[in-house]
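Worksheet: the structure to be examined is printed underneath.
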Amino acid sequence: MPSPNKTIVVVNSCGRQAASVARVASAVGYHVRAQLRSKDSLVAQELDALENVTLVVGSLEDGGLISRLFIGAQLAFINTTFWGDEVAIGRALADAARKAGIQHYIYSSMPDHSIYGKGWPAPPLWSAKFTIENYVRQIGLPATFVYAGIYNNNFTSLPYPLFCMELKKDGSFEWKAPFHPNLPLPWLDAEHDVGPAVLQIFKDGPRKWAGHRIALAFEMLTPRQACAAFQRGVGRPVKYVRGPIEIKVSVPAGYREQLEKIEELFGHYQAPYFGPDLIAPDEALQLWPGYRGIEEYAREVFPVEERLNELTWML
Numbered sequence: 000m001p002s003p004n005k006t007i008v009v010v011n012s013c014g015r016q017a018a019s020v021a022r023v024a025s026a027v028g029y030h031v032r033a034q035l036r037s038k039d040s041l042v043a044q045e046l047d048a049l050e051n052v053t054l055v056v057g058s059l060e061d062g063g064l065i066s067r068l069f070i071g072a073q074l075a076f077i078n079t080t081f082w083g084d085e086v087a088i089g090r091a092l093a094d095a096a097r098k099a100g101i102q103h104y105i106y107s108s109m110p111d112h113s114i115y116g117k118g119w120p121a122p123p124l125w126s127a128k129f130t131i132e133n134y135v136r137q138i139g140l141p142a143t144f145v146y147a148g149i150y151n152n153n154f155t156s157l158p159y160p161l162f163c164m165e166l167k168k169d170g171s172f173e174w175k176a177p178f179h180p181n182l183p184l185p186w187l188d189a190e191h192d193v194g195p196a197v198l199q200i201f202k203d204g205p206r207k208w209a210g211h212r213i214a215l216a217f218e219m220l221t222p223r224q225a226c227a228a229f230q231r232g233v234g235r236p237v238k239y240v241r242g243p244i245e246i247k248v249s250v251p252a253g254y255r256e257q258l259e260k261i262e263e264l265f266g267h268y269q270a271p272y273f274g275p276d277l278i279a280p281d282e283a284l285q286l287w288p289g290y291r292g293i294e295e296y297a298r299e300v301f302p303v304e305e306r307l308n309e310l311t312w313m314l
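Per numbering that gives the first Met the number 0, the very first residue in the sequence shown carries number 0; after that it's consecutive.
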């Protein structure tokens, strides 16, 4: 089978979503132009060693870099972050892609719950992405919008807020979060499954997916169900406790506000994660049935990631 003669632009390539796309696309022969802020991280070094990957090192706050990024490319996977002015960067990326004639632009967006008229708050880091999505639509790019579920990879026994899987003295784990125990939540193994799903969207093309929003999540599990799956995988008791978000480490100011809105949105209002008009996981499973669920993640990956964080409970 001949290799695809197309170049995919990927930004913020050290992130879990973008790195997954870069790995999978390069493995099947696409040329990947991967933007990242520096080459210092382990992920950057890994991408640099991959065949078919060209690194573009620099900040997306550099307009000159953005203007050059898409020249000669046909496809793009864009996941903006809150480094710098996210909305301004998102608009600049879309303008440059349109000017370069990108054939299919996949943007990793999120919902703005405040638009539904139910008094729901808008988590600020998500509403910025929704603003960028609307701009991409306005300028007429042939685009598809993926909405990523909660990463399985968010779980850690380190004292980070919202997804701390706290190791108790008896060897069990406890996940404390504000979600209602029976609220269905969408789950995604970002490193394992974003790349294959996005690649299938590219292969199907804009004729099928232009303008579509796709819920990129492969399991809908309540917190209790997620803990049961995690328990089966990790082989230890795992208990869910509903409670307020505890911030025990330093977090950026914008992220603190994001956490407050998430607690209000899903703790108090029990709103659907993606809003009422986007359902998971039917389309995601059609794109990529070989997903890695929470049980498999807890069994095969969680102990490895914990060990890399210099934790020793698995020994």
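Here a beta-carbon is modelled for each residue, glycine too, at the ideal position from N, C-alpha and C.
From the options, residue whose alpha carbon lies closest to that of residue i
i      : options                           : result
ALA228 : ILE278, GLU245, GLY292 and LEU41  : GLY292
PHE154 : VAL303, PRO3 and LEU140           : VAL303
LYS207 : LYS128, ARG255 and ILE105         : ILE105
THR130 : HIS191, PHE301, GLY89 and PRO236  : GLY89
TYR296 : LEU264, LYS247 and GLY234         : GLY234
VAL27  : PRO251, LYS238, GLN199 and GLN34  : GLN199
LYS5   : ALA17, SER25 and ASN11            : SER25
LEU35  : TYR29, ALA18 and ASN51            : ALA18
GLU50  : ILE261, GLU263 and TYR29          : TYR29
VAL145 : ILE278, LYS168 and ALA176         : ILE278
LEU184 : GLY139, SER37, ASP203 and ALA270  : ALA270
HIS191 : ALA225, ARG223, ARG212 and ASN151 : ASN151
LYS168 : VAL10, TRP312 and VAL42           : TRP312
LEU157 : THR143, GLU173, ILE149 and LEU182 : GLU173
Residue i classed as buried or exposed, judged by whether at least 16 other C-beta atoms fall within 10 angstroms
i      : result
VAL8   : buried
GLY116 : exposed
SER126 : buried
ARG32  : buried
ARG22  : buried
PRO236 : exposed
TRP82  : exposed
SER37  : exposed
MET164 : buried
MET0   : Caution is warranted here: a pLDDT of 47 is assigned to MET0, below 50, making its placement in the model unreliable, and the coordinate value is therefore given only provisionally. By the neighbour-count rule (16 or more Cβ atoms within 10 Å), MET0 is not buried but exposed.
SER40  : exposed
GLU305 : buried
GLU309 : exposed
LEU124 : buried
GLN73  : buried
For residue j and residue i, believed in contact at Cβ under 8 Å, the rounded distance
i     : j      : result
ALA93 : LEU140 : 6 Å
C-beta neighbour in chain B for residue i, strict 8 Å
i      : result
GLY170 : The displayed structure is made up of one protein chain only, and chain B is not part of it.
Those runs of the alpha helix (DSSP H) which lie wholly inside the region 119-153 and span at least 4 residues = DSSP runs (the alpha helix (DSSP H)) wholly in the region 119-153: 123-137.
Taking one C-beta from the region 121-140 and one from the region 75-83 each time, how about it: are there three or more such pairs within less than 8 Å?
-> By the Cβ criterion, the region 121-140 is in contact with the region 75-83, since at least three pairs of Cβ atoms, one from each stretch, lie closer than 8 Å.
field: Residue ranges of each beta strand (DSSP E) within the region 8-66, 3 or longer
entry: If we require 3 residues or more, the beta strand (DSSP E) runs fully inside the region 8-66 come out as 30-35 and 52-56.
Counting beta carbon pairs with one atom in the region 108-122 and one in the region 238-249, are three or more of them shorter than 8 Å? At 8 Å Cβ cutoff, the stretches do not touch.
### Query
Can you list the alpha helix (DSSP H) stretches of 4 or more residues lying completely in the region 190-222, in chain order?
You should have 205-208.
Enumerated in chain order, which unbroken segments of the alpha helix (DSSP H) with a length of 4 residues or greater are wholly contained in the region 238-270?
-> Whole alpha helix (DSSP H) segments, 4+ residues: 252-261.
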